[in-house]
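Numbering (UniProt numbering), first residue to last: 1 to 212.
Ideal Cβ placement from N, Cα and C applies to all residues, glycine included.
Values in this document were obtained by computation on a predicted structure and should not be read as measured data.
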Amino acid sequence: MNQKHLTVSSHYHTCHHQPQVEHLHHRRLKSSSNGQSTAPRPCPKPTKFTNEQKTYLNSHLDVFLAECAHLDKTGAGPRKVKGNKGTKKAWVERKVILGFVKTFQLAGSDGPKLITLSSRIYQWYVNKHKDLMNATEAKPAKKDQKLKAKSASALFAKDHADEIRVKAREKGHTSSGEYLKNYHSVKKEMYDQSDQKISSHTRLMPMLRRRP
1 MNQKHLTVSS
11 HYHTCHHQPQ
21 VEHLHHRRLK
31 SSSNGQSTAP
41 RPCPKPTKFT
51 NEQKTYLNSH
61 LDVFLAECAH
71 LDKTGAGPRK
81 VKGNKGTKKA
91 WVERKVILGF
101 VKTFQLAGSD
111 GPKLITLSSR
121 IYQWYVNKHK
131 DLMNATEAKP
141 AKKDQKLKAK
151 SASALFAKDH
161 ADEIRVKARE
171 KGHTSSGEYL
181 KNYHSVKKEM
191 YDQSDQKISS
201 HTRLMPMLRR
211 RP
């Protein structure tokens, strides 16, 4: 009996808390001229992200870090995950992965397994978050200053994400690298001209004062 096979673009369902990724990257067995079934070609092994792919991931990084800061603040328990477990991964799958697949035309029978790609992308964001946390802990003298500046900017990017992306696209771009440059330029310009630059710092000060 023939098995049903789906590509990276098929059957990617999401729910509010935990997106579902089902039956990923299988292909229908083809019959050869002698009537025997031939196995599908193996999927290419995962490789490192290209520079353009990293540029795309970076365009969502500020918003992800702001989401992490919010969840770390509201989560319970020593690891700050109680009540929020799986939320960061769900955010990445909902906000990043489908756009990534579409942007880099990875859908199709020869594309990477979506479940593998999802894990790699999520781990990339986790590593970036860890790098930020390690950097702030390694330099306690400048910890509050760097955290305040990064968090305030990230909060602004989260609050105005759609508006920033629209204005960045209006500038026009021929590559993802040019789009990222436009994105950060628009974000900085909007942030510098907004009242939130002050209010975001004010919102963060009580938290920063409580830090040892």
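- Following the DSSP letters along the chain, one finds T50 in no alpha helix (DSSP H), marked with neither H nor E.
- Counting every other CB atom within 10 Å of its CB across the protein chains shown gives E163 a total below 16, marking it as exposed.
- Taking C-beta atoms as the reference points, A157 and K187 count as a pair closer than 8 Å.
- Proximity to A161 across T103, R120, E67, V101 peaks at E67, based on C-alpha coordinates.
- Between K95 and H70, the CB-CB gap reaches or exceeds 8 Å.
- Secondary structure note for R169: its alpha helix (DSSP H) is the uninterrupted segment 161-170.
- Between T103 and L114, the alpha-carbon positions lie close to 14 Å from each other.
- Taking C-beta atoms as the reference points, I121 and L57 count as a pair closer than 8 Å.
- Following the DSSP letters along the chain, one finds V63 inside the alpha helix (DSSP H) bounded by residues 61-74.
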